[in-house]
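The C-terminal residue of the sequence shown carries number 485 in this note's numbering, and the numbering is unbroken.
Using N, Cα and C, we set each Cβ at its ideal position, and we do this for glycine too.
To keep things clear, I will list the structure first and then write my remarks on it.
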Amino acid sequence: MYLELDGRGPLYDQLTRALKASILDGRIAAGTQLPPTRELADELDLSRTTVLAAYEQLRAEGFIAGRVGSGSYVSDLQARPCNHHAETSIPAPSRYAQRAREVRNWDIPRIHRGLRYNLQYGNPLVNPALNNAWGRELARAANYTRLVVNEVAGLNALRKQTCDYLARRRGVQAEPDDLLIVCGTQQAITLISRVLLEEGDRVVLEEPHYFGAHQALVAHGVELVAIRTDEQGILCSELPEQSPRLIYVTPSHQFPTGSILSLQRRKELLRYAEQHQCWIVEDDYDGEFSYESQPMPALRSLDHGDRVIYVGTFSKVMFGGLRLAYMVLPAALRVDFRNAKYLGDMSCPVIEQSALAHFMEDGGFERHLRLSRKELKSRREALIAGLKEHARDRVEIADTPAGMHLVVWLPGYDQTRCDALIAYAHDQGLGLYPMAPLYLHAPPRPGLMLGYCSLSVTEIREAMQLFGQCLDHFQAR
9 MYLELDGRGP LYDQLTRALK ASILDGRIAA GTQLPPTREL ADELDLSRTT
59 VLAAYEQLRA EGFIAGRVGS GSYVSDLQAR PCNHHAETSI PAPSRYAQRA
109 REVRNWDIPR IHRGLRYNLQ YGNPLVNPAL NNAWGRELAR AANYTRLVVN
159 EVAGLNALRK QTCDYLARRR GVQAEPDDLL IVCGTQQAIT LISRVLLEEG
209 DRVVLEEPHY FGAHQALVAH GVELVAIRTD EQGILCSELP EQSPRLIYVT
259 PSHQFPTGSI LSLQRRKELL RYAEQHQCWI VEDDYDGEFS YESQPMPALR
309 SLDHGDRVIY VGTFSKVMFG GLRLAYMVLP AALRVDFRNA KYLGDMSCPV
359 IEQSALAHFM EDGGFERHLR LSRKELKSRR EALIAGLKEH ARDRVEIADT
409 PAGMHLVVWL PGYDQTRCDA LIAYAHDQGL GLYPMAPLYL HAPPRPGLML
459 GYCSLSVTEI REAMQLFGQC LDHFQAR
C-alpha cells in the first residue's frame, strides 16, 4: 500500500492523516480490507504500536470498522472527487492518440450480449475437446520450456511448425527466418503501419473491408483509397494511377463479402505492385476453412518479386484468447520488423508458443482443424437451408464455400429499415449485424453478416425461424 507521510507530528498522526486522505480521495475504496497491522508495519518500516494507534483513531472517527475474526474494513463514506487528472493540467496527447480515440468511437458493429441467438461473426468455433487438449499442452510446456524472454522473432520450434503447415496447406514456401510471431493480426497491422508507413501515405483498402485494419491505418494518419470488390475480389482495373505505399487485401476469402480473388486478378495485383513499387499485405484470416473444394493457394505463393507480407492467425483457428499470429516477411523487411516487435513487447508469451508448437508437431492441430471444418460445414449448410426456408426470396445469399460467416443482402430495404430490422430482432433475442460499418463510403445496398460459429445446428435452425418471423413483421407493415 502506497502511503506518503507528511513528516508533521507523531508517526501515528502522520499515518492516520495519510490513510484518511487515501480513503476520502477514493484511492482506498469503501469495503476494502486494510492490511493486518503487522504487515503494514513491516511494509512502512513502522512499529506495530504506531499502526495500531492509527487504526484505533480511524475506527473512533468512523473511517474504518472492525469485523471479528476478519480484520478492518473501510467504511462507506462519500469520497471527495480526485482532481489529479484535471484537463487543464494534462498536455495534449499526440496526434496518434487523438486519432485512436476517434476511431475507437466509430460506429462499428457492436457485440450483443445475453441474446438467445447471437449470429455474431469473428469468434472461432467452441470445441470442448480443445479445452482439455490445450490444458495438457500448457502443463507440458510449463514443465519443459525455458522460462526466459524468448527470441524476438518467436520460438524457433513454432516457426518451424508454421512453415511446414504453410507449405502443406497454403502453398507458401518459407524458412523459419522469414517468420515473425506476433500477438494477433491487429499487432501485425500495427507493426506494418510503424515500419512501412508515414503520415499522409496512400494505402489501398478493399471496399468493403475489415474494420480493424481500417481503424489501425486511420489512427496512423494515412490516406485511404477504397477500391470496390465483386464476386472475383478486388477490382484491379480501378487501382489508382498514383502509386500507393501499401495495398491491404483478403484474397482467400474477402472480408466480409466472402469472394475469392481469381487467379487472373492475383497476377494483375502482383504486376501492379511490381510496377508501382508498393507492398501488398495478404490477410489470410480464415484460409483454413474451405468446404467444397481445394482452397486456392495463397497470394504469397505466386509472389516472385518478394512484395507480399503474408499474415495468418491461430486465434481464429483455435480460440480468440490465444492471441498468437504470424507474418511471413520479405527478406528486405525482416530486420526492421524484428526491431519494431522488440520495441513493442520484446516477444510473445513463450509457454503458449511452446504448447502450440508441440500441439502442431503431435498432430493435435490438424485433428482440431478436421473436426472444425466438418462442424462448420454442417452449421453453414443449416444456415443456408434455414434462410431458404424462412427468409425465401426476401434475402439474397452471397454464398461462398468458405469461412465462418455468410453475407445476406436485403432487397427492397434502405439502411434505415435495415437498422430497424436489426433493432427489432434484438428485442426478440436475435443478434444481427449490419454491413454498413464495413464500408468507407455508403454501401450500394443494405445487408447483414451472419456468423455461424457460436450456435449449434439446432440453434441455427431455430434462429432462422425467428429471423423469418422478423422479416414477416416488417413485410406486414
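query: Do ALA365 and THR193 come within 9 Å of each other at the CB atom, strictly closer than that value?; result: no
query: Using 8 Å as the Cβ pair cut-off and three pairs as the minimum, do the region 313 to 327 and the region 276 to 289 touch?; result: yes
query: Does the pairing of the region 104 to 111 with the region 418 to 430 give three or more beta-carbon distances under 8 Å?; result: no
query: Tell me the rounded alpha-carbon separation between SER386 and HIS284.; result: 44 Å
query: For GLU383, which option in HIS398, GLU145, VAL416 and VAL325 has the closest C-alpha, if you only look at C-alpha atoms?; result: VAL325
query: Based on DSSP bridge pairs, tell me the residues matched to ASN126.; result: GLY439
query: DSSP three-state label for GLU207, please.; result: coil
query: Do ALA224 and ILE197 have their CB atoms nearer than 9 Å?; result: yes
query: By a C-beta neighbour count over all protein chains shown, 10 Å radius and 16 as the cutoff for buried, is PRO101 buried or exposed?; result: exposed
query: Are GLY266 and VAL230 closer than 9 Å when you measure CB to CB?; result: no
query: Can you give the beta carbon distance from ASN131 to SER462, rounded, assuming they're within the 8 Å contact cut?; result: 6 Å
query: Counting C-beta neighbours from all protein chains within 10 Å, is the total for MET443 16 or more, i.e. buried, or is it exposed?; result: buried
query: So TRP417 is in the beta strand (DSSP E); what residue range does that whole segment cover?; result: 413 to 417
query: From the DSSP output, in three-state form, read off ASP291 for me.; result: strand
query: Does the region 390 to 398 come close enough to the region 179 to 193 to have 3 or more Cβ pairs within less than 8 Å?; result: no
query: From PRO454, PHE345, GLY459 and GLN361, pick the residue whose C-alpha is nearest to that of ARG388; which is it?; result: GLY459
query: Going by C-alpha distance, which of VAL212, PRO44, VAL203 and SER309 is nearest GLY77?; result: PRO44
query: Just to check my reading of the structure: LEU19 and LEU54 have Cβ atoms closer than 8 Å, yes? What is that Cβ distance to the nearest angstrom?; result: 6 Å
query: Classify HIS261 as buried or exposed, calling it buried when 16 or more other Cβ atoms lie within 10 Å of its own Cβ.; result: buried
query: In its own chain, which residues sit with a C-beta less than 7 Å from the C-beta of TYR129, not counting the 5 before and 5 after it?; result: MET412, HIS413, TYR441, MET457 and GLY459
query: Any idea what DSSP makes of ALA73, helix, strand or coil?; result: strand
query: Looking only at its own chain, which residues have a Cβ that is under 6 Å from the Cβ of LEU213, when we skip the five neighbours before and after it?; result: LEU232, ALA234 and TYR256
query: Along the chain, where does the alpha helix (DSSP H) that runs through ARG346 open and close?; result: 342 to 353
query: Indicate the three-state DSSP secondary structure (helix, strand or coil) for MET9 in the structure shown.; result: coil
query: Give the DSSP-derived three-state secondary structure of GLU249 in the structure shown.; result: coil
query: If ALA406 and TRP417 are in contact, beta carbons under 8 Å, what's the gap, nearest whole angstrom?; result: 7 Å
query: How far does the beta strand (DSSP E) with TYR318 in it reach, from first residue to last?; result: 316 to 321
query: Going by the DSSP bridge assignment, what does LEU188 pair with across the sheet?; result: MET335
query: Pairs of beta-carbons, one from the region 342 to 355 and one from the region 141 to 154, closer than 8 Å: are there three or more?; result: no
query: Comparing C-alpha positions only, which one of LEU448, SER83, PHE263 and VAL403 sits nearest to THR40?; result: SER83
query: Secondary structure at GLU214, three-state DSSP: helix, strand or coil?; result: strand
query: Less than 7 Å between C-beta atoms, sequence neighbours within five positions excluded: which residues of the same chain meet that for ASN135?; result: HIS376, LEU379 and SER380
query: Should TYR350 be labelled buried (16 or more other beta-carbon atoms within 10 Å of its own) or exposed?; result: exposed
query: Going by alpha carbons, who is nearest to LEU23 out of LEU205, LEU277, ALA62 and PRO184?; result: ALA62
query: Less than 9 Å between the beta carbons of VAL358 and LEU133, yes or no?; result: no
query: Measuring straight from C-alpha to C-alpha, what distance separates ALA471 and LEU438?; result: 7 Å
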